[in-house]
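Participant: One structure coming up, written as structure tokens, with questions to follow.
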Amino acid sequence: MGLESSKRVLVTGGAGFLGSFLCERLLAEGCEVLCVDNFFTGTRHNIAHMLDNHRFELLRHDVCFPLYVEVDEIYNLACPASPVHYQFDPVQTTKTSVIGAINMLGLAKRLKVRILQASTSEVYGDPSVHPQTEEYWGNVNPVGVRSCYDEGKRCAETLFFDYRRQHNMPIKVARIFNTYGPRMHPNDGRVVSNFVTQALKGEDITIYGDGQQTRSFCYVTDLIDGLYRLMQSSSDFTGPCNLGNPNEFTIEELARTVIELTGSKSKLVRKPLPSDDPRQRQPEISKAKEKLGWMPKIPLREGLKETVKYFEDRLRTA
Ligand code: NAD
Ligand code: UDP
């Protein structure tokens with residue numbers, strides 16, 4: 313750990329969309345950061361601006377294999393997150409969630425340090441309770457195309473709580489709802505990156521199904537603030553804790569807003585709805601408000617403007 317006194321924090325999946333913003337935030341808080349990533353969906357480009365920082369270290373490693381390092385805190389974010397990416401190699405997705413969690417929990421147990429799991433609103437599946445509270449157990453298909461991710465993440469939550477019960481470990485579980493912003497992967501197939509790139513290229517905007525399904529979109533820096541606060545929260549608060557923006561929009565509303573903000577001439581076209589696509593999703597965040605003093609601040613239009621700028625730059629330099 314060296315003689316320096318700053319906290320040394322491990323971020324798995326640190327070269328990804330959320331991970332790279334978390335690394336930045338931790339550096340800004342004065343921490344040393346060990347970013348671990350196998351670059352399955354993450355890129356060196358996302359973290360290039362941190363490589364010169366002497367408090368930032370990068371390690372190419374797959375969390376499905378044990379990791380022997382010395383750190384004071386662990387954020388476990390490693391896992392492909394978009395349906396296109398996690399369905400590309402579904403067996404690997406489940407392995408990353410489950411074996412990755414076992415390896416990182418084992419590391420945390422040896423070091424006796426706090427560990428935070430990036431879980432997901434997908435643990436609620438296609439929810440029959442709306443908005444979703446942490447007490448809701450979910451409605452998940454165990455054998456569908458989303459199951460590798462949904463059930464993998466559910467099993468990871470189980471492991472976190474069993475390590476807590478069996479070994480009294482200081483765990484934190486965040487259930488993250490749809491998050492968007494700069495550094496989203498342009499080909500991840502997620503709705504915000506798809507719509508923004510389609511609008512900027514003047515291509516058709518692909519609405520799956522009738523476009524009346526809903527999502528609640530949280531801007532990335534708001535979400536990272538929630539993760540950071542959760543890690544710092546009182547040791548008796550384990551979560552699961554919903555983190556997301558409760559403002560709910562239909563997918564068609566999102567498409568129209570993107571067209572307006574980009575001034576695009578793109579047309580809306582309908583495509584088939586992927587199977588097991590949740591009909592509605594909105595986080596109930598009173599726990600995060602009460603326990604973390606957290607709530608999202610950035611409205612959708614403002615966050616979308618930043619996201620559009622990012623994709624404009626990418627397209628210009630591509
Ligand atoms: P992302 O794909 O950009 O980042 C995931 C990172 O994990 C990538 O850098 C990838 O290369 C890395 N990774 C994948 N498998 C790995 C492995 N076996 N070993 C080491 N690294 C590996 O996705 P993201 O949106 O930044 O998501 C980060 C975390 O947050 C994920 O765990 C995801 O499930 C969770 N989450 C994200 C959202 C969202 O809307 N972005 C919503 C809910 C949950
Ligand atoms: N979606 C869409 N067009 C696209 C991509 C996604 O209509 O080009 C829809 C998708 O069917 C889903 C919603 O947008 O109803 C959010 O999809 P995303 O993949 O971003 O995330 P998730 O379904 O995991 O919330």
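The numbering used here applies: residue 313 is where the sequence shown begins, and numbers increase by one. Even for Gly, the Cβ is constructed at its ideal location relative to N, Cα and C. For clarity, every value in this text was computed on a predicted model and none was experimentally measured.
#1: Hey, would you say the C-beta of E434 is under 8 Å away from at least one heavy atom of the ligand NAD?
#2: Give, in chain order, every unbroken run of the beta strand (DSSP E) that is at least 3 residues long and sits entirely within the region 542-592.
#3: Can D516 be considered in contact with the ligand FAD, in the sense that its beta carbon sits closer than 8 Å to one or more heavy atoms?
#4: Which same chain residues end up closer than 7 Å to K601 when comparing Cβ atoms and leaving out the 5 residues on each side of it in sequence?
#5: Whose C-alpha, out of E560, R613, N415 and V508, is nearest the C-alpha of L627?
#6: Count Cβ pairs between the region 544-561 and the region 590-599 that sit closer than 8 Å; are there 3 or more?
#7: Run through DSSP, which three-state label would Q404 get?
#8: Within a Cβ cutoff of 8 Å, which residues of the same chain sit near G523, ignoring the five residues on either side of it in sequence?
#9: Would you kindly work out how many angstroms separate the C-alpha atoms of M313 and T518, rounded to a whole number?
#10: In the region 391-462, which residue ranges form an unbroken alpha helix (DSSP H) of at least 4 residues, counting only runs that do not cross its ends?
#11: Assuming G464 and T406 form a contact by the criterion Cβ under 8 Å, report the distance between their Cβ atoms to the nearest whole angstrom.
#12: Within 9 Å of any Cβ in chain D, is that where the Cβ of K319 sits?
#13: Could you tell me whether the region 450-465 touches the region 491-506, where touching means 3 or more Cβ pairs closer than 8 Å?
#14: By DSSP's criteria, A695 is part of a beta bridge. Which residues make up the other side?
#15: Report the residue from F472, A393 and Y622 whose alpha carbon sits nearest the alpha carbon of R426.
#16: From this set, R476, Y436, S578 and L542, which residue's C-alpha is nearest I414's C-alpha?
#17: Can the beta-carbon of K621 be found less than 9 Å from the beta-carbon of M543?
#18: Leaving aside the five residues before and after R429 along the sequence, list all residues of the same chain whose C-beta is less than 8 Å from its C-beta, in chain order.
#19: Taking the C-alpha atoms as reference points, what is the distance between E344 and S547?
#20: Which one of L573, P454, R356 and Y448 has the shortest CA to CA distance from Q510?
#21: Considering only the beta carbon of each residue, do K421 and H497 sit closer than 9 Å?
#22: Between which two residues does the alpha helix (DSSP H) holding N358 run?
Facilitator: Answer, in terms of the structure:
#1: Locating residue 434 in the sequence shown gives position 122, where the first residue counts as 1. Correct: E434 has its Cβ closer than 8 Å to the ligand NAD.
#2: You should have 553-555, 560-562 and 580-583.
#3: Annotation note on the ligand FAD: not contained in the displayed structure, which lists the ligand NAD and the ligand UDP as its ligands.
#4: By 1-based counting over the sequence shown, the position of residue 601 is 289. Counting only Cβ-Cβ distances below 7 Å, and skipping sequence neighbours, we find M607.
#5: Locating residue 627 in the sequence shown gives position 315, counting from the first residue. Among E560, R613, N415 and V508, the Cα nearest to that of L627 belongs to V508.
#6: Taking 8 Å as the limit for Cβ pairs, the verdict is that the region 590-599 does touch the region 544-561.
#7: As a position in the sequence shown, residue 404 is number 92, starting the count at 1. Q404 sits in a helix when the DSSP states are folded into three classes.
#8: On the sequence shown, position 211 is the one that residue 523 refers to. The beta carbon of G523 sits closer than 8 Å to those of T562, I563, E564, A567, L580 and R582, all from its chain and outside the five residues before and after it, given in chain order.
#9: The sequence position of residue 313 within the sequence shown is 1, counting from 1. The sequence position of residue 518 within the sequence shown is 206, counting from 1. Residue placement at M313 is flagged as unreliable, the pLDDT there being 48, under the threshold of 50; a coordinate-derived value is accordingly withheld.
#10: Annotation note: the region 391-462 contains the following uninterrupted alpha helix (DSSP H) runs of length 4 or greater, listed N- to C-terminal: 395-398 and 402-423.
#11: One-based indexing of the sequence shown puts residue 464 at position 152. One-based indexing of the sequence shown puts residue 406 at position 94. That belief holds up - the Cβ atoms of G464 and T406 are roughly 4 Å apart, short of 8 Å.
#12: Absent here is chain D; the protein component of the structure consists of one chain.
#13: Here the region 450-465 makes no contact with the region 491-506; the two share fewer than three CB pairs at distances below 8 Å.
#14: An answer regarding residue 695 cannot be provided, because it is not within the stretch 313 to 630 covered by the chain.
#15: Numbered from its first residue, the sequence shown carries residue 426 at position 114. For R426, the nearest C-alpha among the options comes from F472.
#16: One-based indexing of the sequence shown puts residue 414 at position 102. The shortest Cα separation from I414 among R476, Y436, S578 and L542 belongs to R476.
#17: Here residue 621 refers to the residue found at position 309 of the sequence shown. Here residue 543 refers to the residue found at position 231 of the sequence shown. No, these two residues do not count as a Cβ contact at 9 Å.
#18: Numbered from its first residue, the sequence shown carries residue 429 at position 117. Checking the displayed sequence, the identity of residue 429 turns out to be Gln instead of Arg. Closer than 8 Å at Cβ, skipping near neighbours: N388, A413, A468, E469, F472, I483, K484, V485 and A486.
#19: As a first step, residue 344 must be located in the sequence shown, where it is residue number 32. As a first step, residue 547 must be located in the sequence shown, where it is residue number 235. Taking the straight line from one Cα to the other gives about 22 Å.
#20: Position 198 of the sequence shown holds residue 510. Just measuring C-alpha positions, the residue of L573, P454, R356 and Y448 sitting nearest Q510 is L573.
#21: What you label residue 421 is simply residue 109 of the sequence shown in a count that begins at 1. What you label residue 497 is simply residue 185 of the sequence shown in a count that begins at 1. In this structure, H497 does not lie closer than 9 Å to K421 by Cβ.
#22: Working through the sequence shown from its first residue, we reach residue 358 at position 46. Segment R356 to I359, the alpha helix (DSSP H) holding N358.
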